[in-house]
Each structure stands twice: as structure tokens, then as C-alpha cells.
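K.L.:
I have a structure I would like to understand better, so I am pasting it below and will then ask my questions one at a time.
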Amino acid sequence: MALQEDDFKKVISHAKEYGFVFQSSEIYDGLSAVYDYAQQGAALKNNIKEYWWKAMVQLHDNIVGIDSAIFMHPTTWKASGHVDAFNDPLIDNKDSKKRYRADVLIEDYVGKLDAKIEKEVAKAQKRFGEAFDKEQFIATNPRVLGYKQKGEEILARMGKSLSEENLADVKALIEELEIVCPLSGSKNWTDVKQFNLMFGTKLGASADTAMDLYLRPETAQGIFVNFLNVQKTGRMKIPFGIAQIGKAFRNEIVARQFIFRQREFEQMEMQFFIKPGTQKEWYEKWKETRLKWHHSLGLGEDNYRFHDHEKLAHYADAAADIEFKFPFGFKELEGIHSRTDFDLGSHEKYSGKKLQYFDPEINESYVPYVVETSIGVDRMFLAVFSNALREEELENGSTRTVLKLPAVLAPTKAAILPLVKKDGLPEIAHQIVEDLKWDFEVAYDEKDAVGRRYRRQDALGTPFCITVDHQTLEDQTVTIRHRDSMDQNRVAISELSSIIKAEVDLKHWLKKMN
Ligand code: GAP
């Protein structure tokens, strides 16, 4: 079974203990909401990025990838709307002096209503057993319908108040719902205020000539400002996409839940440029394509759901999140946004340069519309990692901790283990490493009893353990142990490469998207 909310701490400590994620600058007591990826974590993260890049860029002949700078001309952020509108509504509790995002307090309240619905479902499931029809129960049970309606009304009102900048009503809603500060338990709130999330910095040597810059809060703008350069030099025809992976920075007020919400993080974004009027169709298409990408990794289809936005960002005419069931509940993993011609139109206005596409089919120039897919690498990491971490009870009554990562993403694909450190077994094991390392990330381990070495590789998520023993000396065979089933079988050394490839090959996994 996957771990539950209470075990989220285990996810964090496992990530540290096995060299996946460390707190940044830990020797100085760390920096809040900033993390470093360690030897295992960096490998897993790179594999996630490769899985995305191949699916988006390599497999689409009309999508190209770029790598734009983090620093951008400051007018970019005026044009994009981030200077004026990239705000979070914040509220302070006067007793605890703790600062919260007002919308998060309200969403957490609605989350509790969702949890009540889940409880009702679980109770009914127990009562009715096999005959239970979940969908029908959710659609007809008066208590569930009551919770659902209440949640929807709250979110609709919050969405309306936020888009109308009616912050007094956001505060009124918090008071009406009798939301208390999780720390002090009091309802003694300040007014709700807006807070801009961009980090500022300076470019230039002297204080009087220095230019104020921002660290980019999204990678998307690096794509928009390069739209025409890429379209012309790449001879791209609409519809086409530009993708990129890179760092983004946000001065988050509520930075918690480990790598879920950080101040420095990474995004994988793709802007798809289309003919105006076709945005609805492309928006639906990209929602479907991205969900298939997630499903291809086999983390469980029930762990995903769409959430349509009530409050649209300043650039969007439609937006949905792909939410994932993290150990702390369903939360946003990826956003699909229909951005209209907002960004290119605005950059045209602020730069004075035309950012239009000449469409030979209709003999006309226009500012293209855009559908964006945007996913956080770190959130994807957390989704994969927390979903994979299991504690299993074995037949002999002992337990094992195993990281059931999709094999394609595992940092190490196979560990090569000589049964003992003598009789020529290490030499054969080293030779196997030498042969396999050209195609796969492999590790050699000779420390401790072989059972303990298996456990360590289970905890690291390594799909295969290959053991060299005395029989190997006679017939050039080894045992291969499969992480998930723990089955072991004897195979020829010459077969290893094809056995590993069959399970870790990117093509094998990405084909599941079709
Ligand atoms: N270009 C659109 C954009 O940036 P967003 O919904 O603000 O949209 C996209 O962010 C994705 O980036 C989110 O779905 C999430 O996965 C990730 N993300 C956003 N803020 C984050 C943070 N503070 N820490 C980690 N990931 C974050």
C-alpha cells in the first residue's frame, strides 16, 4: 500500500537518508523552502526531465526546445502582468503573528469538506460491500451532496471576490467560515493584503546606474520573447510549440510541504502557438495528451484528477490543473492554460515590435493564440517519489522498505553484487559493470551480506540486482533479482543487457501514451 498522510515525514526522511534531497545550506541550519538534490535525487530528477523532453520535443515534429536566460529585461514583467498582478492575498493572525495565504486557508477548509465526503464514501463502502456503486452514492447521498455544494459555493465566492479584488469579502468569508489560525487557534485576523511574489535583484556595478531586475517567476516569458526568432529560424508553421525546462523563483508566503512549494524550483513548460479561434480544441487536446503522459508512468490512474479554475490568472480564458494525490491530499501538479494572445499582444505593445505570424493558408498576419502546459519538476519528483515509497510486510513477518519507482526513472537501473569478496567474483562483477555502463546507470556493491545489499537497493529504487556467485565461474550465469516481485532467476551474462533494456527503455514507456 502507498503511504498515507501521517507517513509524509517518512517520505522526507527517506529522501534524506538515501541521498535524494537535502535541505539547502544545512550546516547553517538551512534556508526555508529551498532544497538541494543529492546524488540519487539529481539522477531521478534528470530522468524525469528527459521523460518530459522526449515526450514533448522529440516525439512532436512541430515542437522545438530552447533554453532561455533567467534574467530578462525588466519590461518583460511589466508586459506579462507580473509586476501588477502576480500577487498572493495574505492575511496575518494577530495572536500568532503568523502570515497565511488567505486563499489557501479557504481552500484548506474546502479540503476538509472533501475529506468528509471521502469518509462518507468509505463508510458506505464498508456497509454495502461488493454491491456498492460509488458514483451513484456520490450523486445521490444528501450528506455528500451538502458538503459538495457548500465547497463549490465557497470556492465560487472566493474566485469572484479575488478576481474583483474584493479583499474585504475574502476576509469576511474567512470570518464567516470561522477559520482559525492553525497555530494559535484564534480568529483574530488582520485585513487581507496583496503581496507580489517576484524576487528583485540588481544588474550593474554602481548603485546609481544599476538596473532593477527580477528573477523570473516562470519560464514561459523566455519563450514568448523568442517567439518570432524561433518561428523564423526554425521555419515553424502554426500550429507549433516551443518547450523549455528551467529554474523559476517565487517569494512564496506559505512555503511548506517539503519540495511541493519552494522559493526556487524548476518548471517544464511548453507554449503551443495556434490560430485564434482554435484554442478550445487545442486546450482539450493538450489536457488529454498531458494526462496520458502521466498515466504512462503507471502511478495509478485514480491518483489524478482535473480541477477547472474558478479564478482565472490575468492571462487566461480557460485553465485547469492536473491534480495528483500527494500524501497530504489532491494538489496541483500541472497547469494547462489557454493564454489567448495576451502575452504576445502585450509584448508587442511594450516593445513596439510586431510579434505576428503570416499565415500562408489565409494570406493574413495575426498574433497567435497560445495554449500552455506547465509542470513543476519538483512536484513531479514528489509525486513519483511519494507514490513509490512502500513498506511491505514479507511472508517471514519482516518488513522491507522499497521504492517502487517506474523503472524508466530509477536513478540506478541495476546493481552488480559479488556474493563474496574473493574467489574471483568481484573481478567478474566489475567486468559486468564495465559492459553495462555504456547503456545503463549501474552500481557495484560488495559491502555487507547480500540480503542487506538487496534491501539497500530496494530502498534506492533499483529495479534489478545481479548477483555473481560460484556457479558464475563455471557457466557464465548470474542470478537476477526483480525489485518489485523479489523473484530471482538464473540467466546468462550475455542476456543481461536485453533483459534490463526491456524494462527501462524509454520507448517501451512512452509508447503507452498512444
Ligand atoms: N507559466 C504558467 C505558470 O507558471 P503556475 O500554475 O503558476 O503556472 C506551473 O505554475 C507549475 O509550476 C505548477 O503546476 C507547479 O507544478 C509548479 N510550481 C509553481 N509554483 C511552485 C513552487 N513554489 N514550488 C514548486 N513548484 C511550483
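Residue numbers for the sequence shown follow our numbering, beginning at 595 and rising by one. For glycine and all other residues, C-beta sits at the position ideal for the given N, C-alpha and C. As the structure is a computational prediction, the values presented were derived from the model and not from experiment.
Within 7 Å: the Cβ of A814 and any heavy atom of the ligand GAP?
P.N.:
The answer is yes for A814.
K.L.:
So who's on the other strand from I660, going by DSSP bridges?
P.N.:
The partner list for I660 (beta bridge, DSSP) reads Q838.
K.L.:
Alpha carbons only, please: which of N735, R829, Q865, N687 is nearest the one belonging to G779?
P.N.:
When only C-alpha atoms are compared, the closest one is N687.
K.L.:
By the three-class DSSP mapping on this structure, what secondary structure does A596 have?
P.N.:
Because A596 carries a pLDDT of 46, less than 50, the predicted location of this residue cannot be relied on, and the following value inherits that uncertainty. Three-state result, A596: strand.
K.L.:
With distances taken Cα to Cα, identify the nearest neighbour of D911 among Q1025, K841, S757, S992.
P.N.:
It is S757.
K.L.:
Taking all protein chains shown into account, do 16 or more other C-beta atoms lie within 10 angstroms of the C-beta of V605, making it buried, or fewer, making it exposed?
P.N.:
That one is buried.
K.L.:
Span of the beta strand (DSSP E) holding T795?
P.N.:
Where T795 is concerned, the enclosing beta strand (DSSP E) stretches over 794-797.
K.L.:
Could you tell me which residues DSSP puts in a beta bridge with Q865?
P.N.:
Paired residues: I836, E966.
K.L.:
Contact defined as beta carbons within less than 8 Å: I believe F867 pairs with F821. What is the distance between those atoms, to the nearest angstrom?
P.N.:
Yes, F867 and F821 are in contact; Cβ-Cβ is about 7 Å, under 8 Å.
K.L.:
Kindly identify the DSSP beta-bridge partner or partners of E926.
P.N.:
Answer is E917, bridged to E926.
K.L.:
Tell me whether R1047 sits in a helix, a strand or coil according to DSSP, three-state version.
P.N.:
Helix, per DSSP.
K.L.:
Nearest to E620 by alpha carbon, out of Y612, G613, D630, F614?
P.N.:
It is D630.
K.L.:
Taking the Cβ atom as the reference point for each residue, do F789 and I847 lie within a distance shorter than 8 Å?
P.N.:
The answer is yes: Cβ separation under 8 Å.
K.L.:
Report, in whole angstroms, the separation of the C-beta atoms of L684 and Y694, which I expect to be a contact under 8 Å.
P.N.:
Their Cβ separation, rounded to whole angstroms, is 7 Å, which keeps L684 and Y694 in contact under 8 Å.
K.L.:
According to DSSP, simplified to helix, strand and coil, what is I847?
P.N.:
The answer is coil: DSSP assigns I847 none of H, G, I, E or B.
K.L.:
Identify whether A632 lies in helix, strand or coil by the three-state DSSP scheme.
P.N.:
Of the three classes helix, strand and coil, the one that applies to A632 here is coil, per DSSP.
K.L.:
So, for S690: in the same chain, excluding its five sequence neighbours on each side, which residues have a beta-carbon less than 6 Å away from its beta-carbon?
P.N.:
Only C775, L777, S778 meet the Cβ criterion.
K.L.:
I'd like to check one pair, V1062 with I1022: are the Cβ atoms closer than 8 Å?
P.N.:
The answer is yes: Cβ separation under 8 Å.
K.L.:
Drop a sphere of 10 angstroms on the beta-carbon of K672, count the other beta-carbons inside from all chains shown, and report buried for 16 or more, exposed for fewer.
P.N.:
Exposed, by the Cβ-count rule.
K.L.:
Which class does I748 belong to by DSSP, given the choice of helix, strand or coil?
P.N.:
If DSSP states are grouped into helix, strand and coil, I748 belongs with the helices.
K.L.:
Classify S932 as helix, strand or coil using the three-state DSSP reduction.
P.N.:
Residue state, collapsed to three classes: strand.
K.L.:
Going by the C-beta, is R756 closer than 7 Å to any heavy atom of the ligand GAP?
P.N.:
A small correction: the amino acid at residue 756 is Leu; Arg does not occupy that position in the sequence shown. No, the beta carbon of L756 sits no closer than 7 Å to any heavy atom of the ligand GAP.
K.L.:
Throw me the rounded Cβ distance for the L791 and N845 pair, which I believe falls under 8 Å.
P.N.:
Right, their Cβ atoms sit about 5 Å apart.
K.L.:
With A1008 as the anchor, note down where its beta strand (DSSP E) starts and where it stops.
P.N.:
Unbroken beta strand (DSSP E) run through A1008: 1008-1012.
K.L.:
Please determine, among F979, R850, R933, the residue with the shortest C-alpha to C-alpha distance to K919.
P.N.:
The option with the nearest alpha carbon to K919 is F979.
K.L.:
In whole angstroms, what separates the C-alpha of V628 from that of S618?
P.N.:
C-alpha separation (whole angstroms): 6 Å.
K.L.:
Does the separation of the CB atoms of I817 and Q861 fall below 8 Å?
P.N.:
Cβ distance not < 8 Å, so I817 and Q861 don't count as in contact.
K.L.:
Would you be able to state if there are at least three C-beta pairs under 8 Å between the region 949-956 and the region 999-1007?
P.N.:
Taking 8 Å as the limit for Cβ pairs, the verdict is that the region 949-956 does not touch the region 999-1007.
K.L.:
Report buried or exposed for D915, applying the criterion of at least 16 other Cβ atoms within 10 angstroms of its Cβ.
P.N.:
Burial call: buried.
K.L.:
Can at least three beta-carbon pairs, one atom from the region 926-940 and one from the region 966-975, be found at a separation below 8 Å?
P.N.:
Touching, yes.
K.L.:
Which value, in whole angstroms, describes the spacing of the CA atoms of K603 and T1066?
P.N.:
Rounded to whole angstroms, K603 to T1066 spans 42 Å at the Cα level.
K.L.:
Just the C-alpha distance for E917 and F900, rounded to the nearest angstrom, thanks.
P.N.:
Using only the alpha carbons, I get a separation of about 6 Å.
K.L.:
For P683, list the residues DSSP reports as bridge partners.
P.N.:
Q788, per the DSSP bridge assignment.
K.L.:
So P1057 packs on R1077, CB below 8 Å; how close in whole Å?
P.N.:
With 8 Å as the limit, P1057 and R1077 qualify as a contact, their Cβ atoms being about 5 Å apart.
K.L.:
Give a single yes or no on whether L927 has its beta carbon closer than 7 Å to a heavy atom of the ligand GAP.
P.N.:
True, at least one ligand heavy atom lies under 7 Å from that Cβ.
K.L.:
Is any non-hydrogen atom of the ligand GAP found closer than 7 Å to the C-beta of G970, if you look at the structure I gave you?
P.N.:
Yes, the beta carbon of G970 sits closer than 7 Å to at least one heavy atom of the ligand GAP.
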